[in-house]
Structure formats: C-alpha cells, structure tokens
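Protein chains in written order, with my numbering: chain A, 325 to 595; chain B, 149 to 415.
Where a beta carbon is used, it is the ideal one built from N, C-alpha and C, also for glycine.
Shown next, in structure tokens, is the structure this report addresses.
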C-alpha cells in the first residue's frame, strides 16, 4: 500500500532491460519516528538539563541500596513466603482452569464459532488488563490481603496460559482425534486420548513459565495492598529507608533467580 | 506376545516419578492455600463488585470523549511515555547488548554486563518509578525515565540472542571481496539485525504501554493516577470509562504490533 504512494526508481541495465527499484521505506520511518519523539518530548516534559543536574539523587538512592540492612531479613521472610504462596496458588488454579477454557476457545474442538470467538475475546480482554489494576480492583472486593493478589494472578494465568494453549490445540495433528470421534468416543474422551498427550509437555512448560513471571508480578502487588512483599517495599520506600529496600530487592532477586533456575531446568526436560 | 503388547512393554515406567511430582504439587498446593481468606469478603465487597460492573456498562461518556483533559488525553500521555521510554531504552540497550554478546567481547566482560542486566530486569518498574520521582518530581518525565531503564534490561537481553546468531560467513566473504570495516557493518551486519531488532522494539513498546498505564499509580504520569483517584473516591462510572479506554487502546496496539511484527519477521 505504502509502496504505491512512493515513486519508484527505474534503472536501465547494460543489456537494455529496465528494472524497477522500490524506494526504501527507511527515511520515511525515521522521519515519522523523529516526529513522534519530538511530540512525545513536548507532552511528557522531557528535560535533559534537569536529568543531568538531579541524577545525583538517583545515585544517592542506589548507594544506600547497595548497603542493605541485614538485620531486616527476619521481617522479610513471611511476606516473601506470602508472595510465593500467592503466585503458586494463583498459577496452579489458573493453569487448571485454563484447560477447559482453551478447549472452548479452540475452533477445531468447539464447533460453534460463536462460543469459540466469545471465549477468545474474553481471554484477550483478561490479558489486556494490567495485573496491578486487577489486584487493585480485587482489594475493593476481597479486602486487603493475599486473597486479592491471588485472584489477580489467577485471572492473569487463565488468560495467558489459556491463550497459548488454544493456539497449540488449534495446531495439533487432528488425525487421531477424528479417528476416535468416528469410533464413537465423545468429544471429551477423544480430546483426552488424542489431543491431550500432544499438548501436555507444552502445557506444563507454559504453566511453569507463567509461574516464573507471576512471582515477579506478585512482588509488586502488595503496593496496592494485595499482600506479599510489595507491602514492605511500599512501606520502606515511603519512609525513604533505601537500605531496607535494597535488602528486600536482594532477597527478591535471589528468590526469583532460584525459582527461574528450577523451572528452567524442568522446562528444558519437558522439551 | 504380539507386536502391540511388545510396544506396550517397551513403554518406560514413569509411575514413580509421576507419583512424586503429583505429591509435591499437592503439598505445595496445600501449603499455599493459606493465601486464601474469605473473612475479609463482606457484603460490602459484593456491592462494590456490583458497582464496578455497573460502572463498566454505564461509563462516564463525557469523560470518555473529552479530548482536552479526558480519557483520550490521558491515553495520549500514556502512549507518549511508553513511546519515548522505548526509543531511549532501545538506543541505550544496543551498546550494552554488544558488550554482553559472548561472540564479540571477552567472556568475563560479557558475564559482568549480563549480571548487571539481570539486576536491572528484576527490580520492578514501580520501584524505579518511585526512585525517579525523587529525581524529577512526580509527572510523566519520571515515567519516561522508568520506562527507559526497564526497557534497557529486557531489550538488551533479547538483542543479545540476535547478535549471537549473526551469520559470520557473510562477513568473511565480504572481507575477501575487500570491503572496509564500515561497509561490512553497513551491508553485512545491519541488514541481519535491523528487522529482528525492530520486531523486538515493537514488542517491548507493547509491554511498555501496559507498564506505563500502571506507573500512574505511583504518580509517574499517564492514566494510572486518575484511575486510582476515581477508585479511592468510589466514582465507578469514571473507573469504567478509564478502563474501557485503556483496554481498547491496548487491544488496538497489540493487534497493530502483531501485524507489523509478522510482516517484519517474514520479510
């Protein structure tokens, strides 16, 4: 479409043949990007001078963070475990609930297009809402605490695992499924024996990957009062106690790294 | 024993490992159940849930279409934050990515830079937001800086994968043709990287848009701040219109970015 708007360049080769060369899009893209950048700078009030003069403040915070208060560790354990519990429970329940939804959303299992496209739409709607905002809404309904965080993670997991799962289901080999169907098995039975084994490794590995990400998300959910280590983070940042923040972040990095290594190990095995 | 039985017999016995995995899962499940408490769920919670749903179906229409300081303006501010953050992050991540690619720099340097990137990535965006607010004061500028820093972490990591997959045989053949270093970079390296890099950057912009929407919660500009104000004062129709605007924007951007990325990757 764009190529037609731009004039093409004609080259005549030594043997008299005329070759049409498309104009490159790059200059146009660069001009557009520069234009958008300028516009964004205007809107956001980007101020390089202020950044240079005040960046020292940022380094001061980093410096304080680099000397973490080790005595703070005993206070961190419980919220940290809460965070892990929230993400574990949310991911587990979410991954289980995602399976029937993915079946409903897959157009090769559910014959009714209406049902499958509605389910797909609901899944993408759930995925669109940022987890923190869902958690914020959940705190109004379920009260402050880990329950709200678990609900937020549960909903996100359903949406994420559900989407990847129905894409996989739509791409599986349908031969065995059709054979079983024609032998008189019900849809659920044929799904169980023909399609489930094909998607199982991917299902596990997607769920594990989602769990990894959820631990990171769960860490900040406390900021809106949804339980976990975010509560402490919010408190310490509020008091400008950056050494405590440093300690919390250090623990968080270690835990996230450990969980990621374990899950990566199992995901590699699943392949 | 016929052929089928033989195949069955050959199937490895995984019952024990499956049992253990199942047990571990059940134990973890039981342990984490304490995260659920219903004691806080009161009748009040249910009315609020009802009100939120009502707000979503009866949004504040005036706010939704007020272009001077309504939802569209806030969305544009959010886009501007995400866009500028992505651009700055994308540029700054390039040198870091080359410095952490093990086929370009010596191993120790690569490992140190990689460790730095892991740290940058693990710290949640909200924490950066709160730190930058101390530098610049609340407002969209803090959001831009936060987005830039978080983008650097992820973009550099994804760039590295592309850089390490560079096809060096092209460079060798160009060298044998007598190309200069600049020519090798321009015609040998850039064409290999540009499409994939662009695809990664667009993907990150998509993510940044969601993060930028959240950053407002800490006062770093964008649509998050009005959202939390509306919620704290129980103005659910305003919440409804903000959420609708946000969801529509994210869906559109996701659709467009997916289209462009498939086009870029398939050429």
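What are the boundary residues of the beta strand (DSSP E) that includes residue i?
i, result
"residue 344 (chain A)", "342 to 345"
"residue 335 (chain A)", "333 to 336"
Quick one, which of the options has its alpha-carbon nearest residue i's?
i, options, result
"residue 394 (chain A)", "A:577, A:458, A:568 and A:337", "A:568"
"residue 363 (chain B)", "A:433, A:503, A:457 and A:387", "A:457"
"residue 236 (chain B)", "B:296, B:150 and B:382", "B:296"
"residue 219 (chain B)", "B:398, B:407, B:382 and B:374", "B:374"
"residue 468 (chain A)", "A:430, A:347, A:521 and A:546", "A:546"
"residue 566 (chain A)", "A:591, A:524 and A:382", "A:382"
"residue 448 (chain A)", "A:411, A:426 and A:436", "A:426"
"residue 197 (chain B)", "A:412, A:359 and A:460", "A:460"
"residue 560 (chain A)", "B:200, B:275 and B:294", "B:275"
"residue 465 (chain A)", "A:550, A:527 and A:392", "A:550"
"residue 411 (chain A)", "B:184, B:268 and B:350", "B:184"
"residue 229 (chain B)", "A:361, A:440, A:454 and A:595", "A:361"
"residue 341 (chain B)", "B:365, B:320 and B:310", "B:310"
"residue 221 (chain B)", "B:400, B:390, B:411 and B:404", "B:390"
"residue 120 (chain B)", "A:591, A:375 and A:366", "Because chain B here runs from 149 to 415, residue 120 (chain B) falls outside it and cannot be looked at."
"residue 583 (chain A)", "A:443, A:334 and A:409", "A:409"
"residue 298 (chain B)", "B:240, B:330, B:199 and B:327", "B:240"
"residue 300 (chain A)", "A:505, A:385 and A:579", "There is simply no residue 300 (chain A) to check, as chain A begins at 325 and stops at 595 in what is shown."
"residue 588 (chain A)", "A:528, A:386 and A:452", "A:528"
"residue 537 (chain A)", "A:478, A:371, A:356 and A:334", "A:478"
"residue 227 (chain B)", "B:406, B:385, B:352 and B:150", "B:352"
"residue 208 (chain B)", "B:403, B:392 and B:254", "B:392"
"residue 488 (chain A)", "A:463, A:430, A:377 and A:397", "A:430"
"residue 314 (chain B)", "B:344, B:285, B:293 and B:291", "B:344"
"residue 199 (chain B)", "B:400, B:211, B:408 and B:382", "B:382"
"residue 370 (chain A)", "B:254, B:179, B:331 and B:290", "B:290"
"residue 338 (chain B)", "A:350, A:526 and A:509", "A:350"
"residue 216 (chain B)", "A:367, A:403 and A:397", "A:367"
"residue 521 (chain A)", "A:452, A:500 and A:444", "A:500"
"residue 445 (chain A)", "B:404, B:395 and B:406", "B:395"
Assuming residue i is part of the alpha helix (DSSP H), what are its boundary residues?
i, result
"residue 327 (chain B)", "From DSSP, residue 327 (chain B) is part of no alpha helix (DSSP H); its letter is neither H nor E."
"residue 211 (chain B)", "209 to 212"
"residue 380 (chain B)", "372 to 380"
"residue 166 (chain B)", "163 to 180"
"residue 282 (chain B)", "273 to 284"
"residue 494 (chain A)", "470 to 494"
"residue 406 (chain B)", "384 to 414"
"residue 500 (chain A)", "499 to 506"
"residue 391 (chain A)", "Element bounds for residue 391 (chain A): n/a, residue is neither H nor E."
"residue 157 (chain B)", "151 to 158"
"residue 185 (chain B)", "No alpha helix (DSSP H) holds residue 185 (chain B); DSSP gives it neither H nor E."
"residue 292 (chain A)", "Residue 292 (chain A) lies beyond the range of chain A shown here (325 to 595); nothing can be said about it."
Does the beta carbon of residue i come closer than 7 Å to any beta carbon on chain E?
i, result
"residue 456 (chain A)", "Included in the structure are the protein chains A and B, with no chain E among them."
Counting only Cβ-Cβ distances shorter than 7 Å, please list the residues of the region 377 to 392 of chain A near chain B, keeping chain order. Within the region 377 to 392 of chain A, the qualifying residues are 378, 379, 381, 382 and 385.
Listed in chain order, which residues of the region 156 to 188 of chain B have Cβ atoms closer than 9 Å to some Cβ of chain A? Hits within the stretch, in order: 173, 176, 177, 179, 180, 181, 182, 183, 184, 185, 186, 187 and 188.
Could I get the ranges of all uninterrupted alpha helix (DSSP H) runs contained in the region 418 to 456 of chain A, with 4 residues as the minimum, in chain order? Those alpha helix (DSSP H) runs which fall completely within the region 418 to 456 of chain A and span 4+ residues are 437 to 452.
Just by C-beta distance, which residues in the region 317 to 334 of chain B are closer than 8 Å to chain A? Listed in sequence order: no entries.
Scan the region 463 to 474 of chain A for residues whose Cβ lies nearer than 8 Å to a Cβ of chain B and list them as they occur along the chain. Per Cβ criterion, the list reads 464, 465, 466, 467, 468, 469, 470, 471, 473 and 474.
In chain order, which continuous runs of the alpha helix (DSSP H) of length 4 or greater are located wholly inside the region 290 to 345 of chain B? Scanning the region 290 to 345 of chain B for uninterrupted alpha helix (DSSP H) segments of 4 residues or longer gives 316 to 325, listed from N- to C-terminal end.
Which whole runs of the alpha helix (DSSP H) in the region 200 to 260 of chain B are 4 residues long or more, in chain order? Those alpha helix (DSSP H) runs which fall completely within the region 200 to 260 of chain B and span 4+ residues are 209 to 212 and 219 to 247.
Ignoring anything shorter than 4 residues, give me the alpha helix (DSSP H) runs that lie fully in the region 521 to 592 of chain A, in order along the chain. Listed in chain order, the alpha helix (DSSP H) runs fully inside the region 521 to 592 of chain A are 553 to 562, counting runs of at least 4 residues.
What are the complete alpha helix (DSSP H) segments, minimum 4 residues, inside the region 349 to 387 of chain A? The alpha helix (DSSP H) runs of length 4 or more contained entirely in the region 349 to 387 of chain A are, from start to end of the chain, 350 to 368.
Got a sec: which bits of the region 276 to 307 of chain B sit with their beta carbon under 8 Å from any beta carbon on chain A, in order along the chain? Hits within the stretch, in order: 278, 279, 280, 282, 283, 284, 287, 288, 289, 291, 292 and 293.
What residues from the region 259 to 270 of chain B come within 7 Å of chain A, judged by C-beta to C-beta, listed N to C? Under the 7 Å Cβ criterion, the region 259 to 270 of chain B contributes 267 and 270.
Against chain B, which members of the region 347 to 363 of chain A pass a CB distance test of less than 8 Å? Those would be 357, 360, 361 and 363, in chain order.
Report the residues of the region 191 to 204 of chain B with a CB closer than 7 Å to any CB of chain A, ordered along the chain. Within the region 191 to 204 of chain B, the qualifying residues are 193, 196, 197 and 200.
By the 9 Å beta-carbon criterion, what residues does the region 358 to 381 of chain B contribute toward chain A? Against chain A - using a Cβ distance shorter than 9 Å - the residues of the region 358 to 381 of chain B are 358, 359, 361, 362, 365, 366, 369, 372, 375, 376 and 379.
So if I threshold CB-CB distances at 9 Å, which residues from the region 516 to 547 of chain A count as touching chain B? Answer set for the region 516 to 547 of chain A: 540, 541, 543, 544 and 547.
Compile a chain-ordered list of the residues in the region 406 to 434 of chain A whose CB is closer than 7 Å to at least one CB of chain B. Cβ contacts with chain B come from 406, 409, 410, 412, 413 and 416.
Using a Cβ-Cβ cut-off of less than 7 Å, list which residues of the region 225 to 236 of chain B approach chain A; keep chain order. Here the close residues are 225, 228, 229, 231, 232 and 235.
Along the region 437 to 456 of chain A, what residues have a CB closer than 8 Å to any CB found in chain B? Correct list: 448, 449, 452, 453, 454 and 456.
Output needed in chain order: residues of the region 388 to 403 of chain B with a Cβ under 7 Å from some Cβ in chain A. Listed in sequence order: 395, 398 and 399.
So if I threshold CB-CB distances at 7 Å, which residues from the region 495 to 513 of chain A count as touching chain B? When C-beta distances to chain B are compared with 7 Å, every residue of the region 495 to 513 of chain A stays at or above that value.
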